[in-house]
Structures are given as structure tokens and as C-alpha cells.
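Read through the structure below, which is laid out as C-alpha cells, and then see the notes.
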Amino acid sequence: MRAWLMDSYSGVEQLRLGEVPDPQPGPAEALLKVRYAALNPADAFLAQGLYPAKPTLPHILGRDGVGNVLQVGAEVDGIRVGETVGILRCETGVETPGTLAEKVVVPAESLVRTPADWSFTEMAGAPLVFLTAWQALTQWNDPQGPPPERSVLLVTGSSGGVGVASVMLGKSMGLMVVSLSRDAEKRAKLKALGADFVFDPDDTNLVKAVSAAIGLKKVDLAVDCVGGRLLSQVIALLGYGGKISIVGRSSGTVPEFNTATLLFRRIRMGGVSVGDYAAHAAQGAWKEIVRRLEMIGRRPLVDSIVPFEEVQKGFARLTQGPMGKVVVRVAAPGH
Ligand SMILES: NC(=O)c1ccc[n+]([C@@H]2O[C@H](COP(=O)([O-])OP(=O)(O)OC[C@H]3O[C@@H](n4cnc5c(N)ncnc54)[C@H](OP(=O)(O)O)[C@@H]3O)[C@@H](O)[C@H]2O)c1
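Here is the structure:
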């Protein structure tokens with residue numbers, strides 16, 4: 003089969019389209035014909051050696067995707083040959099070969115059926131970012147569960163995969179959503195997706211402007227995908243007992259951070275790790291995510307689709323800042 007091969011930890015620019023033998027499923031695994039894969043910043047981090055996983059080389063990247071089941075192992079129950087399935091975050095594309103290939107082997111416990119009204123491309127990129135957003139919104143184990151209705155949710159890097167998922171899931175919880183994006187066009191799209199307020203994170207008056215928009219309220223929960231120098235402004239916007247789910251650091255490390263800014267308002271910060279979901283927990287969370295999207299009449303958002311042969315263009319788009327998910331067409335239905 004054809005696959006994008008990672009021969010070294012020197013970045014996605016060095017990936018090579020090559021031929022490797024078809025993978026064979028183990029007893030609890032399924033072999034998929036990949037239709038569409040989707041890209042994540044973590045693929046690029048892994049390719050630079052900036053990720054905890056150090057798979058055997060050559061490796062095949064790609065954690066997300068949708069495909070048809072070609073073959074199942076002897077112990078697999080409930081997944082049938084021919085079905086169209088998506089992949090919940092597992093070791094596929096991390097420690098084991100991923101979806102940037104014509105075929106991939108996935109543990110059957112991490113497969114889910116595509117919801118009836120979703121397209122292949124919508125399904126391909128949804129699981130990893132929606133599971134991440136779900137963990138970011140629900141990880142706090144507060145006695146009352148997810149933040150109460152009309153609490154204020156701030157999402158940085160709102161236009162990205164995790165950002166869009168956080169906005170949609172936040173709205174499904176009845177939260178007031180404040181979205182940050184550097185791009186005016188994307189801010190308009192975020193409004194159309196349901197964000198109550200949108201701002202440019204580079205606005206020099208950001209804290210004042212957000213505070214004025216949300217009136218007497220303060221931000222209760224922030225989902226931070228960006229990090230960098232924005233973090234201190236995110237902290238400034240939080241109210242007493244405010245929380246930050248630290249998801250990513252698209253704009254790099256935090257340059258200066260005074261821990262005293264956390265003290266008097268008892269601010270809590272908590273890391274998010276989508277890889278922490280055990281397979282059964284990911285299945286439970288996914289079911290709830292699909293239910294909520296259906297409830298608010300939304301489906302996952304696709305930014306762009308690149309042909310299999312042009313995967314580097316997809317990674318470049320990711321660096322630039324997408325609006326939703328960058329998807330790779332490996333073999334569209336009918337091929
Ligand atoms: N902890 C976890 O388990 C987990 C899971 C998934 C992702 N992540 C991490 O979370 C982050 C976001 O992931 P994603 O999939 O949403 O990424 P993405 O789709 O690439 O989107 C990131 C967004 O961040 C903004 N951004 C990018 N570069 C920026 C910069 N230099 N300064 C300010 N904003 C910037 C962009 O929004 P605008 O252009 O609109 O400003 C972009 O759309 C990444 O760092 C990723 O590695 C972590």
C-alpha cells in the first residue's frame with residue numbers, strides 16, 4: 003500500500019510517499035481502507051521529536067480518519083466488514099502506524115460508526131478535537147458537573163479544531179461563549195457558529211473589551227489552545243474560582259508568569275490530555291458529544307480537503323491557522 007513515511011524526527015517536510023506491505027489486524031483489531039484522514043498539530047510535533055511518543059521508524063502519522071472495515075480479528079464483536087467507521091484517539095498514529103496510508107489497523111474498541119447525517123469528511127477530523135474539548139469542559143469534577151448555564155466560557159485559538167469543538171460543545175451546555183481569533187473573517191464565522199462575542203487576541207484593550215461585553219460577569223472557564231503571552235490576559239479575565247483548561251500552546255511558551263495572579267481569586271489551572279481517555283471512556287464521551295451536536299443542530303466543521311499526494315500543503319494550512327479541520331482525501335468513496 004502507499005503511505006506517507008516518516009524516516010526521521012526532522013519534521014513533516016521530510017515525509018516521503020512510499021510503498022509498504024499491507025498491515026495485518028491482530029485478534030482484537032480491524033483493518034480499514036482509509037477514505038479520509040485528518041491532521042493535528044500533534045502529528046507535526048511528533049515528527050519533530052517534540053512529543054512523548056517515539057515510535058519505531060519509519061512511522062506513519064495520522065490519528066484521525068474514516069474508512070471502511072476490510073477485515074476484523076477473531077475476537078472482534080460488533081464491527082462488521084464493509085461498515086464505515088471513525089477512529090477515537092488511541093495509539094494509532096502515535097505508537098503504531100496511522101491513517102496517512104491507504105490502510106490502517108485500529109483496535110476495534112476505538113472504532114465508532116459515522117452518525118447517519120454526517121459526511122465522511124466531517125467524521126474524519128472530529129474525534130480527537132471533540133474529545134479534547136469535552137475533557138477541557140468537563141475535567142473539573144465540580145459537584146454540579148459541567149459549568150452551570152450562562153456561565154462564561156472563553157476559548158482561545160477558537161477557529162482551530164479544538165477551538166471550534168469547544169465553542170459548539172460550550173453552546174450545547176448553555177454557556178455564554180467568548181471566542182478569540184486573530185482573523186476578522188474567522189471571527190465572523192465563529193459568530194455564525196454560535197459564539198456570543200468574538201475578539202482579536204492582539205487587541206491591546208482585550209481585557210477591557212471582553213469585560214465590557216460580558217457585563218457584570220467574569221469568565222468562569224477558559225479553554226486555552228494558544229498559551230504564549232495571551233495567558234496572563236486570560237487569567238486577568240477570570241472571576242473568583244475561575245478555571246483554565248490548558249489544551250495547547252499554538253503561540254509557544256508563556257514568557258513571564260506571576261503565580262500571585264492565581265492566589266486571591268483561587269484560580270485553578272488544569273492540563274488536558276486526550277490520550278488519557280481509556281477506550282471505554284472515550285466511547286462514552288463520544289456518544290455524549292454526538293448527542294449534543296445533534297441537539298444543537300451542528301456538525302463538525304471542515305476547513306479544507308487536500309489530496310493524499312499533497313499532505314504537506316495540509317500541514318502548511320495547519321500552521322497558518324485553519325477554520326475547523328484540515329482533512330486529507332486518501333481514497334474517496336467509489337475508488
Ligand atoms: N492536550 C491535548 O490533549 C491536546 C489535544 C489536541 C490539541 N492539542 C493542542 O492544542 C492546540 C490547538 O490544537 P488544534 O487542533 O485546535 O490546532 P489548530 O486546528 O491548528 O488551531 C489552532 C488555532 O490557534 C490559533 N493560533 C495558531 N497559531 C497561533 C499563534 N502563533 N498565535 C496565536 N494563535 C495562534 C489559530 O487561530 P486564529 O488564526 O484564529 O487566531 C489556530 O486556528 C495545539 O497546540 C495542539 O497541539 C492538545
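Numbers 3 to 337, taken from this note's numbering, label the letters of the sequence shown in order.
Ideal placement from N, C-alpha and C gives every residue a C-beta, glycine not left out.
Here the structure is a predicted model, which is why all the values come from computation and not from measurement.
beta-carbon residue i near ligand 1 non-hydrogen atom, thresh 7 Å
| i | result |
| --- | --- |
| Gly172 | no |
| Thr134 | yes |
| Val179 | no |
| Arg251 | yes |
| Ala194 | no |
| Cys92 | no |
| Pro302 | no |
| Pro43 | yes |
| Val308 | no |
| Pro324 | yes |
| Leu264 | no |
| Leu218 | no |
| Lys188 | yes |
| Leu320 | yes |
| Leu130 | yes |
| Arg268 | no |
| Val329 | no |
| Pro203 | yes |
| Phe47 | yes |
| Ser121 | no |
| Gly159 | yes |
| Ser183 | yes |
| Gly95 | no |
| Val228 | yes |
| Ser275 | yes |
| Gly67 | no |
| Val87 | no |
| Val236 | no |
| Gly163 | yes |
Buried or exposed (CB count within 10 angstroms, at least 16 for buried), residue i
| i | result |
| --- | --- |
| Asp222 | buried |
| Ser12 | exposed |
| Ser174 | buried |
| His282 | exposed |
| Ala167 | buried |
| Val83 | exposed |
| Ile298 | exposed |
| Asn42 | buried |
| Ala262 | exposed |
| Ala280 | exposed |
| Lys210 | exposed |
| Pro324 | buried |
| Glu124 | buried |
| Gly172 | buried |
| Arg189 | buried |
Those residues which DSSP pairs with residue i across a bridge
| i | result |
| --- | --- |
| Tyr38 | Val68 and Arg331 |
| Arg270 | Lys245 |
| Asp226 | Ile248 |
| Thr86 | Asn70 |
| Leu113 | Ile89 |
| Ala340 | Past the boundaries of the shown model lies residue 340; the chain is included only from 3 to 337, so the question cannot be answered. |
| Ser181 | Val157 and Val200 |
| Gly20 | Ala5 |
| Leu240 | Val221 |
| Val108 | Ala32 |
Cutoff 7 Å; reference residue i; Cβ partners in own chain excluding five residues on either side
| i | result |
| --- | --- |
| Ala194 | none |
| Gly100 | Ile62, Leu63, Gly64, Arg65, Thr94 and Val106 |
| Val249 | Thr134, Ala138, Val164, Val225, Asp226, Cys227 and Val274 |
| Gly316 | Leu41, Val308, Val328 and Val330 |
| Val169 | Val157, Ser160, Val179, Ser181, Leu192, Leu195, Gly196 and Ala197 |
| Leu208 | Phe201 and Gln235 |
| Val71 | Ala32, Leu34, Ile81, Arg82, Val83, Gly84, Glu85 and Val87 |
Residue i, DSSP secondary structure in three states
| i | result |
| --- | --- |
| Val96 | coil |
| Ala103 | strand |
| Lys3 | The sequence shown places Met at residue 3, rather than the Lys named in the question. DSSP places Met3 in coil when its eight states are reduced to three. |
| Phe201 | strand |
| Thr134 | helix |
| Ser213 | helix |
| Ala118 | coil |
| Ser12 | coil |
| Ala284 | helix |
| Gly51 | coil |
| Ile307 | strand |
| Glu31 | strand |
| Val256 | coil |
Own chain residues within Cβ distance below 6 Å of residue i, not counting five before or after
| i | result |
| --- | --- |
| Arg268 | Gly243 |
| Gly163 | Val131 and Lys327 |
| Phe1 | Here the chain has residues from 3 to 337 only, and residue 1 is not among them. |
Contact set for residue i: own chain, Cβ-Cβ below 8 Å, skip 5 residues either direction
| i | result |
| --- | --- |
| Ala333 | Lys35, Val36, Arg37, Glu104 and Phe310 |
Beta carbon proximity, residue i to chain D, threshold 8 Å
| i | result |
| --- | --- |
| Val157 | Absent from the structure: chain D. Only one protein chain is present. |
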